[in-house]
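Here is the structure we will look at, set down as structure tokens.
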Amino acid sequence: MIAYKDSHLQEQLRIFNTLWKAQDDIWQEAARNSGLPETAFWIIYILTIENKAELTQAELCDTWFIPRQTCNSAVKKLEGKGLISLTTHKGAGNIKYLSITENGVSFANKYITPLTNADISSFSSFTDEERELLLSLMQRQLDYLKKGTEGLWK
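Laid out in structure tokens, this is it:
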């Protein structure tokens with residue numbers, strides 16, 4: 001067991017991580033209810049909220065921190081269900097572009113949009129200044145966590 005000198009700090013970190021997990025559980029439940037694996041659900045979410053007609057698998061993986069093999073498996077499942085389509089562009093090598101299909105839009109309207117609207121509503125309950133502060137503090141905490149974990153698993 002890890003011993004912390006500051007029990008108040010330890011309790012605050014426990015609460016922070018519990019809240020983070022509780023929020024993540026809402027999205028996991030939505031994925032379960034949709035019948036899709038979580039990564040596939042997130043890909044439909046991303047394609048729904050991005051302001052691009054198509055997105056490459058590489059962009060998807062790099063921007064949303066999805067392992068490439070996991071992404072590839074989810075993309076195959078989504079393509080097989082007719083929720084997304086894959087295309088290649090002449091001269092672009094084997095780069096695959098993902099776009100949401102009409103069936104994908106229907107799926108998103110049923111499972112993604114209601115949760116996204118609830119998320120937007122919850123986020124809009126803060127003032128603009130509060131949202132900026134929340135984002136700034138989360139980014140700072142993430143930066144410190146990344147710095148503190150550099151080289152741990154190498």
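Numbering-wise, the sequence shown is residues 1 to 154 according to the UniProt record's numbering.
Note that CB positions come from ideal geometry on N, CA and C, so glycine has one too.
Quantities reported herein were computed from a predicted structural model and do not represent experimental measurements.
Contact between the stretch 95-110 and the stretch 66-83 is present: 3 or more CB-CB pairs across the two stretches fall below 8 Å. Beta-bridge partners of Tyr97 (DSSP): Thr56, Thr87. Here the C-alpha atom of Leu13 lies approximately 12 Å from the C-alpha atom of Lys21.
Take the alpha-carbon of Ala92 and the one of Ala108: they are about 29 Å apart.
In the three-state reduction of the DSSP assignment, Lys5 falls in the coil class.
Per the Cβ contact rule, the stretch 117-135 is not in contact with the stretch 60-67 (fewer than 3 Cβ pairs under 8 Å). In the assembly as shown, Phe123 is an exposed residue. Its beta-carbon has fewer than 16 other beta-carbons within 10 Å.
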